[in-house]
Amino acid sequence: MDESLPTPQAVSHFVEAIDFKLPVWHLTLLSENYEQEFDLADGKYLHLWPLADLIEANQDYQADENYPGFFLIGTYGGGEACAIEKETGKIYTVPFIGDIPEDAVLVGNTLDDLIKYLHQPW
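Here the sequence shown stands for residues 1 to 122, numbered as in full-length UniProt numbering.
Here it is in structure tokens:
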């Protein structure tokens, strides 16, 4: 696994390969970091997947079929993924097993919103 920062070409290729406009905060995060992990309260953690893994992870989870309208960006250890709604750019948590969109939970618009949400007790 290559843990170097993504090149501008890799970021550009990724943006061209997806079928929606990635929120600016996430594009910036992907451009400036290999991947992000945050230790949170109550044994939770947030793992935002690296750019190099995002498309493959969405293919592996069959996101187009299992999470229509969403693009998975990571997980937090609660049996759920963190996802961006393609149409709005809003952040949701979605269960790895469940009904989408009924079980999707709106978290907010930014990484800070996601972290605040995950700091809430189970």
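Built from N, CA and C at the ideal position, the CB exists for glycine as well. Note that the structure is predicted; figures quoted are calculated from it, not measured.
From the options, residue whose alpha carbon lies closest to that of residue i
{"i": "residue 14", "options": "4, 31, 47", "result": "31"}
{"i": "residue 50", "options": "65, 107, 4", "result": "4"}
{"i": "residue 116", "options": "74, 9, 16, 46", "result": "46"}
{"i": "residue 109", "options": "70, 25, 34, 35", "result": "25"}
{"i": "residue 37", "options": "59, 11, 18, 73", "result": "73"}
Beta-carbon spacing of residue i, residue j below 7 Å
{"i": "residue 102", "j": "residue 93", "result": "no"}
{"i": "residue 118", "j": "residue 48", "result": "no"}
Alpha-carbon spacing of residue i relative to residue j, whole angstroms
{"i": "residue 20", "j": "residue 85", "result": "9 Å"}
{"i": "residue 99", "j": "residue 68", "result": "11 Å"}
{"i": "residue 28", "j": "residue 114", "result": "16 Å"}
{"i": "residue 8", "j": "residue 96", "result": "31 Å"}
{"i": "residue 90", "j": "residue 77", "result": "20 Å"}
{"i": "residue 16", "j": "residue 35", "result": "20 Å"}
{"i": "residue 112", "j": "residue 22", "result": "16 Å"}
heavy atom of the ligand HEM below 6 Å from residue i C-beta
{"i": "residue 36", "result": "This structure does not include the ligand HEM; it has no bound ligands of any sort."}
*Only counting runs of 3 or more residues, tell me where the beta strand (DSSP E) segments fall wholly within the stretch 48-90, in order along the chain.*
70-75, 80-85, all fully within the stretch 48-90.
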